[in-house]
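A.B. asks:
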Amino acid sequence: MARYHMSSLILLFLVLALFASPSQGFLGTKNKIKSAVFLSPKLVMSLGSVSDPYLFDIDFPRGHIGLKSFDAEVVDEAGKPVPLHETYLHHWAVQPYYVRKGSKLPQREMFANHGFSQQDPQTNLDSRSSDIILVKNGGLCRSSVLRHYFGLGSETRKTSTYVPDPYAVEIDNPEERPDGYEFKWLLNIHAIDTRCVEDKTGCTECHCDLYNVTVNEYGRALRPGYKGGLHCCYDKTQCRVKSGFGNGEKQRNLYLKYTVKWVDWDYTVLPATIYILDVTDSQEHICHVEYDVEPCKTNGDGCIDVKKNSFMMPFNGYIVYGVAHQHAGGVGAALYRENGEGICTSMAKYGNGVEPGNEAGYIVGMTSCYPAAPVKVSYGETLTLEVNYSSAVGHTGVMGLFYILVAQQLPEPELSLPNLFQAHAGSVSVLAFLAVTVLVAVVVLIAAVTYQRQNREDGYHSLTT
Ligand SMILES: *[C@@H]1O[C@H](CO)[C@@H](O)[C@H](O)[C@H]1NC(C)=O
Ligand SMILES: *[C@@H]1O[C@H](CO)[C@@H](O)[C@H](O)[C@H]1NC(C)=O
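All the letters of the sequence shown, read from the start, carry residue numbers -25 to -1, 1 to 440 under mature numbering (1 follows the signal peptide of the UniProt record, and there is no 0).
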C-alpha cells in the first residue's frame, strides 16, 4: 500500500517541481548567450592622421535577436591591442538601418543618403525617397546625431555595456521591417593617430590650429571663436607632427575589433530601449554633442566644471542600466530626479601606465550603473543630468552623454506555486495558473483512483495472505 502512495506522491512532487523551480524559460537568458568577434574594415593610419569613416553593412549577427553587449578596441594587423597614446579612439558608434534590397549605393551616396549629413542643412534626408532608413534609438535628440545604439570612445576597454538579464535590445523584429528592405549595421569609427605629434592632448581635443583647419567637413567656414572639436578633426585631416617627421609616415593598418553578445529573441527576453541624454541638448532637442570647458580662475584642485541639463522623459518605464561618455578631464556624471534623489552615477576611470587599457592620462573606462532595483520613471517626469569635468586646465570639444536603457516591462515574479496563486495580472501567469490547476486536478484524480484501486487490491491481497 505504501508503494502506491509513494508513486502518487512522486508524481505530485514532479508536477510541483516543474512549476516551482526558477524556470529557465523565464529569466535564464544567460545560458543562451552567444558571442562573436569581428574586425572592421581596415583604417589606414599614419603619423598625425585622422580616420573617421562611416562603414556600411559591417559584419554583425543576423536575424531577430536581442543584443546583450557590444565591446570594442583598436588592434593592429597582428591583432595586438593598440594603446590610446598611439591611436586615440575618439569614438566608435554603431547604428542599425534598413536598406532597400538590391540597391547598390556607393559608400559616398550611402553617407549622403543616410542622415548623418543632416547636420548639413543642404541635405534633407527625410524628404528623399530613401533607399536607406535609419533605425534610431528611443531619443532624445531629434536630429540625426546621437541616434546610434551603442557608442563609446577611449573608455571602451574598461566599460561594461552588458544589458542586465532578462533584458536585451531588440534587433530586426520581422514585423517592423518595411517590405523589400533588409536590416544592416553602420559603424562610424573616429580614430586619431597621435604618434610623434607635437601636442598629443591638443590633437585628441581637436584643436583647430593643430589641424590647420578653417572650414568644417562640409567646406564651410568655422564659426568665429570655434577653437576645437569635431569640426576640426574630421576624416582625412592631419594633426601637426613634430619637426623631423613627415605627414604620411609610418603608415599602418588598424582595425576596430568588436565583440557582440546576443540571444535569439523569444518571449523570455524583455525589450529595453536605448535613450541618450546629451548635456548640451536644447529645449527643441537640438543636440550640440560637444562643448568647451573654460580653465578655472582660481588655481588648485577644487576646479570642477559642473554642467547640468534637465530632460522631460517621454516614456513610462524602468531604468535598468546607465553609463556616461566623457573625454579626458571628465570626472563623472550622474542622473537625478527632480527632488534630488540620485538615480545613476557613472564615474571616469583613468589609466596609470602605458599598456593598452591602462594608459596614463586617458579615460580608460566609465563605471556602469546597474540599479539594485529597476528605477521607475513616469512619462513627463523631469530628470537632471550633471556632468563634471576638471577645469584645472581648459578643454575643447568635450562631451557629456548619458546612455540609459529603459524597460517598459519588468519580469513577472518568478514562477513558484505561492506566486502563481497570488498572480492575477499578466496572461502568462494566468495561463500558468490554469495549467497548474488542471495538473493538480489530474494528479488528485490519479491519486484518488490509485488509492481506491489500492484499497481493493489491499483487500484482495489480505485475503490471499
Ligand atoms: C595650413 O593651411 C594653409 C592653407 O589652408 C597652407 O597654406 C599652409 O601651408 C598650412 N600650414 C601647415 C603648417 O601645414
Ligand atoms: C559634481 O561636482 C559637484 C560639485 O563639486 C558635486 O557636488 C557632485 O557630486 C559631482 N557629481 C559627480 C557625478 O561627480
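Think of the CB as a built atom: it goes at the ideal place given N, C-alpha and C, for glycine as much as any other residue.
Keep in mind the model is a prediction, meaning the values are calculated, not measured.
Alpha carbon to alpha carbon, what distance is there between Glu387 and Ala196?
C.D. replies: The residue you call residue 196 lines up with position 221 of the sequence shown. The residue you call residue 387 lines up with position 412 of the sequence shown. Each residue's alpha carbon lies about 56 Å from the other.
A.B. asks: Near Val172, which residues of its chain fall below 6 Å by C-beta distance, leaving aside the five closest residues on each side in sequence?
C.D. replies: Mapped onto the sequence shown, residue 172 falls at position 197. Gly23, Cys178, Cys214 and Val216.
A.B. asks: In the DSSP assignment, what residue or residues form a beta bridge with Thr357?
C.D. replies: Here the question's residue 357 lines up with position 382 in the sequence shown. According to DSSP, Thr357 bridges with Met287.
A.B. asks: Touching or not, the region 229 to 245 and the region 309 to 329, by the rule of three or more beta carbon pairs under 8 Å?
C.D. replies: The region 229 to 245, when compared against the region 309 to 329, does not touch it at the 8 Å Cβ threshold.
A.B. asks: What residues come near ligand 1, if near means a beta carbon less than 7 Å from any of its heavy atoms?
C.D. replies: After applying the 7 Å Cβ criterion, the set is Asn187, Thr189 and Arg215.
A.B. asks: Tell me Cys319's beta-bridge partners as DSSP assigns them.
C.D. replies: For the purposes of this step, residue 319 is taken as residue 344 along the sequence shown, with counting starting at 1. Paired residue(s): Leu310.
A.B. asks: Does the separation of the CB atoms of Cys116 and Asp256 fall below 8 Å?
C.D. replies: In the sequence shown, the residue the question calls residue 116 occupies position 141. In the sequence shown, the residue the question calls residue 256 occupies position 281. Cβ distance < 8 Å, so Cys116 and Asp256 count as in contact.
A.B. asks: Looking at the structure shown, is Gln97 part of a helix, part of a strand, or coil, going by DSSP?
C.D. replies: The residue you call residue 97 lines up with position 122 of the sequence shown. Note that Gln97 has pLDDT 37, beneath the 50 cutoff, so the model's placement of it is unreliable and the number below is only indicative. In the structure shown, Gln97 sits in coil (DSSP, three-state: anything other than H, G, I, E or B).
A.B. asks: Check whether the Cβ of Gly332 sits closer than 7 Å to any heavy atom of ligand 2, and report yes or no.
C.D. replies: As a first step, residue 332 must be located in the sequence shown, where it is residue number 357. Flag unset: Cβ of Gly332 not near ligand 2.
A.B. asks: Determine, using beta carbons only, whether Trp237 and Lys111 come nearer to each other than 8 Å.
C.D. replies: Taking the first residue of the sequence shown as position 1, residue 237 is located at position 262. Taking the first residue of the sequence shown as position 1, residue 111 is located at position 136. No, the pair does not count as a contact, with Cβ atoms beyond the cut-off.
A.B. asks: Please identify the residue among Pro199, Glu316, Leu360 and Glu157 whose C-alpha is closest to the C-alpha of Asp32.
C.D. replies: Counting from one through the sequence shown, the residue named residue 32 turns up at place 57. Among Pro199, Glu316, Leu360 and Glu157, the Cα nearest to that of Asp32 is on Glu157.
A.B. asks: Who does residue 446 pair with in a DSSP beta bridge?
C.D. replies: Nothing about residue 446 can be reported from this structure: the residues present for the chain run from -25 to 440 only.
A.B. asks: Below 8 Å, can you find three or more Cβ-Cβ pairs linking the region 162 to 172 to the region 65 to 80?
C.D. replies: Yes: at least three Cβ pairs fall under 8 Å.
A.B. asks: Alpha carbon to alpha carbon, how far is Asp210 from Glu224? Give it in angstroms, no decimals.
C.D. replies: To locate residue 224, count along the sequence shown from 1; it is residue 249. To locate residue 210, count along the sequence shown from 1; it is residue 235. Taking the straight line joining both Cα atoms gives about 17 Å.
A.B. asks: To the nearest angstrom, how far is the alpha carbon of Gly194 from that of Thr131?
C.D. replies: Numbered from its first residue, the sequence shown carries residue 194 at position 219. Numbered from its first residue, the sequence shown carries residue 131 at position 156. Their Cα atoms are separated by approximately 31 Å.
A.B. asks: Kindly list the residues whose CB is nearer than 6 Å to the CB of Ala299, restricted to its own chain and excluding five residues on each side of it in sequence; keep chain order.
C.D. replies: Within the sequence shown, the letter at position 324 stands for residue 299. Excluding positions up to five away in sequence, the list reads Ala308, Ser321, Met341 and Phe377.
A.B. asks: How would you label Lys175, buried or exposed, when you count the other beta carbons within 10 angstroms and need 16 or more for buried?
C.D. replies: What you label residue 175 is simply residue 200 of the sequence shown in a count that begins at 1. Buried, because 16 or more other Cβ atoms sit within 10 Å of the Cβ of Lys175.
A.B. asks: Count the CB pairs spanning the region 138 to 147 and the region 245 to 265 that are closer than 8 Å, and state whether there are at least three.
C.D. replies: Yes, the region 138 to 147 touches the region 245 to 265.
A.B. asks: For ligand 2, which residues count as neighbours when the test is a C-beta closer than 7 Å to any heavy atom?
C.D. replies: The set, ordered by position in the chain, is Ile279, Val281, Val306, Gly307, Ala308, Ala309, Thr320, Met322, Glu361 and Asn363.
A.B. asks: Output yes or no for whether 8 Å exceeds the beta carbon distance between Thr371 and Gly114.
C.D. replies: What you label residue 371 is simply residue 396 of the sequence shown in a count that begins at 1. What you label residue 114 is simply residue 139 of the sequence shown in a count that begins at 1. Going by C-beta atoms, Thr371 is not nearer than 8 Å to Gly114.
A.B. asks: Start and end of the beta strand (DSSP E) containing Asp154?
C.D. replies: For the purposes of this step, residue 154 is identified with residue 179 of the sequence shown, where counting begins at 1. Counting along the chain, Asp154 falls outside any beta strand (DSSP E), and DSSP gives it neither H nor E.
A.B. asks: Distance check for Ser26 and Arg75, CA to CA, integer angstroms please.
C.D. replies: Indexing the sequence shown from 1 puts residue 75 at position 100. Indexing the sequence shown from 1 puts residue 26 at position 51. Each residue's alpha carbon lies about 28 Å from the other.
A.B. asks: Going by alpha carbons, who is nearest to Arg152 out of Gly304, Phe220, Gly38 and Cys262?
C.D. replies: The residue you call residue 152 lines up with position 177 of the sequence shown. For the residues Gly304, Phe220, Gly38 and Cys262, the minimum Cα distance to Arg152 belongs to Gly38.
A.B. asks: Tell me the rounded alpha-carbon separation between Thr234 and Leu121.
C.D. replies: In the sequence shown, residue 234 corresponds to position 259, counting from 1. In the sequence shown, residue 121 corresponds to position 146, counting from 1. Those two C-alpha atoms are separated by around 21 Å.
A.B. asks: State the start and end residues of the unbroken alpha helix (DSSP H) segment that holds Gly177.
C.D. replies: Translated into the one-based positions of the sequence shown, residue 177 becomes position 202. Lys175 to Thr179 is the span of the alpha helix (DSSP H), which, as asked, contains Gly177.
A.B. asks: Which one of Leu18, Tyr63, Pro36 and Tyr311 has the shortest CA to CA distance from Ala335?
C.D. replies: By 1-based counting over the sequence shown, the position of residue 335 is 360. The candidate whose alpha carbon is nearest that of Ala335 is Tyr63.
A.B. asks: In the DSSP assignment, find the unbroken alpha helix (DSSP H) run with Tyr186 in it and report its ends.
C.D. replies: The residue given as residue 186 occupies position 211 in the sequence shown. Here the alpha helix (DSSP H) through Tyr186 covers Cys183 to Tyr186.
A.B. asks: Which one or two residues does DSSP pair with Arg75 in a beta bridge?
C.D. replies: Reading the sequence shown from its first residue, position 100 is the one you call residue 75. Its beta-bridge partners are Tyr156.
A.B. asks: Helix, strand or coil for Arg227, going by three-state DSSP, please let me know.
C.D. replies: Position 252 of the sequence shown, counting from 1, holds the residue named residue 227. It is a strand residue.
A.B. asks: The beta strand (DSSP E) that contains Ser44, what's its start and end?
C.D. replies: Residue 44 sits at position 69 when you count from the first residue of the sequence shown. Ile40 to Asp51 is the span of the beta strand (DSSP E), which, as asked, contains Ser44.
A.B. asks: Using CA coordinates, which residue listed in Ile318, Ala47 and His182 is at the minimum distance from Leu205?
C.D. replies: For the purposes of this step, residue 205 is taken as residue 230 along the sequence shown, with counting starting at 1. If we check each option's Cα against that of Leu205, His182 comes out closest.
A.B. asks: Report the residue from Val368, Ala416 and Asp46 whose alpha carbon sits nearest the alpha carbon of Val268.
C.D. replies: Counting from 1 along the sequence shown, the entry for residue 268 is found at position 293. Comparing Cα positions, the closest option is Val368.
A.B. asks: Could you give the C-beta distance for Val57 and Lys232, rounded to a whole number, given that I count them as a contact under 8 Å?
C.D. replies: What you label residue 57 is simply residue 82 of the sequence shown in a count that begins at 1. What you label residue 232 is simply residue 257 of the sequence shown in a count that begins at 1. Not really, about 10 Å apart at Cβ, beyond 8 Å.
A.B. asks: Nearest to Gly375 by CA position, among Asp106, Val138 and Gly126, is which residue?
C.D. replies: In the sequence shown, counting from the first residue as 1, residue 375 sits at position 400. Measuring from the Cα of Gly375, the nearest candidate turns out to be Gly126.
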